[in-house]
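**Q** With this note's numbering applied, the sequence shown has no gaps in its numbers, which climb one by one up to 570 at the end. By construction, the Cβ of each residue, glycine as well, lies at the ideal position given by its N, Cα and C atoms.
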Amino acid sequence: MLTAEGYRKVIILCASPDTVREIMLAAHELGMATSGEYVFINIDVSTG
C-alpha cells in the first residue's frame, strides 16, 4: 500500500473477499480510504 500511495490514485482489486478486506483495512490505517483522494474498485469474479 505504501508504494501505491505515492503513485496511484485509482486502485483496482481482483482478490478474495478476505484479501480485499485486509487491503482495505491497511488503506484505512494509512488514511487512503478516507481522504477522498483514492478510488478503490473491486472486481468480484465469484460464482455465487
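#1: Take the Cβ of A548 as the centre, count every other Cβ of all protein chains shown within 10 Å, and call the residue buried at 16 or more, exposed below.
#2: How long is the line joining the alpha carbons of I563 and I533, rounded to whole angstroms?
#3: Cutting at 6 Å between CB atoms, please list the residues of its own chain near Y560, excluding the five before and the five after it.
#4: Quick check on DSSP: helix, strand or coil for I545?
#5: Give the straight-line distance between the Cα atoms of T556 and V542, rounded to the nearest whole angstrom.
**A** Walking through what the data contain:
#1: With fewer than 16 other Cβ atoms within 10 Å, it is exposed.
#2: Between I563 and I533, the C-alpha separation is close to 6 Å.
#3: Answer for Y560: K531, M554, listed in chain order.
#4: If DSSP states are grouped into helix, strand and coil, I545 belongs with the helices.
#5: Rounded to the nearest angstrom, the two C-alpha atoms are 16 Å apart.
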